[in-house]
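Reading through the structure tokens given below for one structure.
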Amino acid sequence: MKDEISLGALFDEHGGHVEKWVRRLGGPACDVEDAVQEIFLQAFRRLPYFRGEAKVTTWLFAITERVIYRRLRRERRRRFIAPHLLQGEEELSVDPSTPASELDRKEKVVVLYKALGRIPQKYRTVLMLYELDGLSGGEVADLTEISVDAVWARLHRGRQMLAKVLHRLEATAEFSSNRTIALGAKR
């Protein structure tokens, strides 16, 4: 089977899934096309080593996860080392109903991904696949190669962690906006 697979066939069959995973795991600032291309190039290079013990989707998801988290780590280092080099968030491809609601939605997406970035990877991955991609517990288990019970446990713990982080971020944002208003009043 693996000898017969070409890069084009691999992309044609699984490109949509990989793109969706990249959007979810990478967040709004991720260059989706570039990441998908890198993932398929790595997959094609590793194809001779694919033993066929796992599903192709499971194998591609593992490659996607490694590529995206490597990119996220690189981005965090870049932000730490040279924050002035960063550009603004990428435009999201959703048709806004009003400019104010689109701005509010973009801010919420940024806060969500900031919060997701602060919880451990094993919980973040299960949360994103289940909640954002709408996969079933069994599908998440197959894709991540963990048991369904582990999926439910990670999902439960991940939701708790996410709620705590979002609460902290909300409190910080309220404090920051109140502080800005107070500082502006003194001038």
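In our numbering, the protein residues as written are 2 to 188. For glycine and all other residues, C-beta sits at the position ideal for the given N, C-alpha and C.
{"Item": "On the three-pair Cβ rule with 8 Å, is the region 101-114 touching the region 136-155?", "Value": "no"}
{"Item": "Counting only the same chain and skipping the five closest in sequence on each side, list residues whose C-beta sits under 8 Å from that of A154.", "Value": "none"}
{"Item": "Please state whether DSSP places P100 in a helix, a strand or coil.", "Value": "helix"}
{"Item": "Would V152 count as contacting chain B if we go by Cβ distances under 8 Å?", "Value": "Absent from the structure: chain B. Only one protein chain is present."}
{"Item": "Please report the distance separating the alpha-carbon of M162 from that of L133.", "Value": "16 Å"}
{"Item": "Would you identify the three-state DSSP class for A36, choosing helix, strand or coil?", "Value": "helix"}
{"Item": "Of the residues A44, L48 and E76, which one's Cα is nearest the Cα of T65?", "Value": "A44"}
{"Item": "Throw me the rounded Cβ distance for the L128 and L156 pair, which I believe falls under 8 Å.", "Value": "6 Å"}
{"Item": "Report the residue from E108, V19 and Y50 whose alpha carbon sits nearest the alpha carbon of P35.", "Value": "In the sequence as displayed, the identity of residue 35 is Asp instead of Pro. Closest by alpha carbon: V19."}
{"Item": "Does the beta-carbon of L8 have 16 or more other beta-carbons within 10 angstroms, so that it is buried, or is it exposed?", "Value": "exposed"}
{"Item": "Which one of P49, T99, L26 and R74 has the shortest CA to CA distance from A63?", "Value": "L26"}
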